[in-house]
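J.:
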Ligand code: NIG
Ligand code: FE
C-alpha cells in the first residue's frame, strides 16, 4: 500500500513551529490539533498531510487506521545514550542501595572503567547485538531516533569497533542513530598515571580514524571530578571543532566545573546532565543556542537527589531537552516516558515541556530539526500513537504500555501494542 491515513485522532500534538529550539513559554506550545487526520506517503516515508478534515483524493491503496480515543505525538527522540557495551554493573546498583555514591564506586575501580574491562576486547558483532537489543527496547517505548556514544573501549581499536557497532545498529534498527565519539569518557585504568598521554592518543590517532572513516557526527567529553578537567575538556572541544565534529559535553553533573559555559563558548550542540550547574552556567545557556539536555533517570538510578534545576533553566530561557542516558552503570533506563515521569515529579516540568524536550528540542540538538521532532508536512513520518486521550497519561501511567503504535519513516514498527520487528 502506498499510503497510511491516521484518521480521527482525538488529539495530535504537532510540536510544529520552525527549526529553532523552543524556549521559555515556547516550550509549552504543542501546536495541538483536535480530531485530526495525518497522511503518510510510504514511498518517501514522509508526512504529506496534517489537518482537521480528511484529505481529498485518497488513493484506493491507502490503509486507514482509526485513532479515535488516541493522542498522536512526534516520534520520541533520545539525544544521549550509551547503548553499546558488554557486561552488567548490577553490583554497583546494589552498592548504591547500601549507601555508596556513584563517584565513590568509580574511584574504587568500578564505574566506567568496570565496563571498559568487560567491553574492550569485544568484537563488533557482540557489541552491535547489545546495541540492537537496546534499540528494540527503546522502540517499544516510542523512541524513533537516538544518539549513541562510544566510550567503553578507550583504546584505538576498541573505540573504532564501538563506533562500527553503532553504525551497524543504525543500519539494522528501524531508528536513525546519531553517532558520537566519546574516547574522553574516563581516564582508562591502564593510563591512570599517564592521562596526558591518553588524551594525546584520543585527539591524535583515534580522532584521525574517526574522521577518516566518518564514524561520528559529534565528539563528547566527560568533564568531572575524577574524569577530565575543564582544561582537558577545552582541548577536546578545540580538536572537535578543528576536525568538523559537533560538540556535546557531559557537563556539571555532580560538580560545577564551568563546563556548561565552555560548551556555549564552543557552540556545542548540547551540554548534558547539569545537576550541579551554577548561576553563571544557567545564564550562559539562556543566551545561546546550546541545548541543556537533562537526564533525571540517571539521578534517580544513582540514588542521588542532585536533579538539574529545570525550572530555572526553562524560566530563564534555556532550550531544554530530555534524554535517558541509557548505559549499564548510571541508567538502565530505556524509555522516554519514565524520564518524563521523573522530569515532572523531580524537576517540576510540565507535560508540555516534557513533550517538547523529548521531540523537537532533542531533534534540534542532534542537528535534525529539519527532518524530525514534529508532525509537519515534509518531515519524516516518525509517529507515536498513544492509547490515551490526554498526553498527561504518558508520565502518569508509570510503566504501562501506553505506546500503542510506532511508525518510523512511514513503516510500522509497533502495531496495536505488538512489535513488528525483532533484532
Ligand atoms: O552519562 N557521566 C558519564 N557517563 C555516563 C556514565 C556511564 C557509566 O557509568 O558507565 C553518564 O552517566
Ligand atoms: Fe552519559
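Residue numbers (my numbering): 1472 to 1894. Don't be surprised by glycine CBs; every beta carbon is placed ideally from N, CA and C. What you are looking at is a predicted structure, and each value in this text was computed from that prediction instead of being measured.
Please classify residue 1676 as buried or exposed, where buried requires at least 16 neighbouring CB atoms within 10 angstroms.
T.: So residue 1676 counts as exposed.
J.: Can you name, in chain order, every residue of its own chain whose Cβ lies under 8 Å from the Cβ of residue 1861, other than the five neighbours on each side?
T.: Close CB contacts of residue 1861 within its chain, under the 8 Å cut and outside five residues either way in sequence, are with 1482, 1542 (chain order).
J.: Could you give the DSSP three-state label for residue 1591: helix, strand or coil?
T.: DSSP, reduced to helix, strand and coil, places residue 1591 outside both helices and strands of the structure shown, so it counts as coil.
J.: Going along the chain, which unbroken runs of the alpha helix (DSSP H) with 4 or more residues stay wholly within the region 1668-1756?
T.: 1678-1683, 1701-1713, 1730-1736
J.: Shortest alpha-carbon distance to residue 1558 belongs to which of 1711, 1806, 1507, 1623?
T.: 1623
J.: Measuring from the CB of residue 1769, is there a heavy atom of the ligand NIG at a distance below 7 Å?
T.: yes
J.: At the level of alpha carbons, what is the spacing between residue 1731 and residue 1634?
T.: Here the alpha carbons of residue 1634 and residue 1731 stand approximately 26 Å from one another.
J.: Can you tell me whether DSSP reads residue 1665 as helix, strand or coil?
T.: Residue 1665: coil per DSSP, three-state reduction.
J.: Give the C-beta separation of residue 1826 and residue 1484 to the nearest angstrom, bearing in mind that I take them to be a contact with Cβ-Cβ under 8 Å.
T.: 6 Å
J.: Does the contact criterion of 3 or more C-beta pairs under 8 Å hold for the region 1528-1535 versus the region 1495-1506?
T.: Output reads no: the region 1495-1506 does not touch the region 1528-1535.
J.: Any idea what DSSP makes of residue 1770, helix, strand or coil?
T.: helix
J.: So, residue 1782 versus residue 1728, is the Cβ gap smaller than 8 Å?
T.: no
J.: Relative to the alpha-carbon of residue 1510, which residue among 1493, 1748, 1479, 1540 has its alpha-carbon at the smallest distance?
T.: 1479
J.: Buried or exposed: which applies to residue 1820, given that a residue is buried once 16 or more other Cβ atoms fall within 10 Å of its Cβ?
T.: buried
J.: I need the DSSP call for residue 1616, collapsed to helix, strand or coil.
T.: strand
J.: Report whether the distance from the Cβ of residue 1549 to the nearest heavy atom of the ligand PLP is below 7 Å.
T.: As for the ligand PLP, it is missing from this structure, which binds only the ligand NIG and the ligand FE.
J.: Please state if the CB of residue 1651 and the CB of residue 1709 are separated by a distance shorter than 8 Å.
T.: Contact: no.
J.: Give the DSSP-derived three-state secondary structure of residue 1832 in the structure shown.
T.: helix
J.: Report yes if the CB atom of residue 1554 is closer than 8 Å to the CB atom of residue 1605, and no otherwise.
T.: yes
J.: Taking residue 1483 as part of the beta strand (DSSP E), name the residues at either end of that continuous run.
T.: 1474-1484
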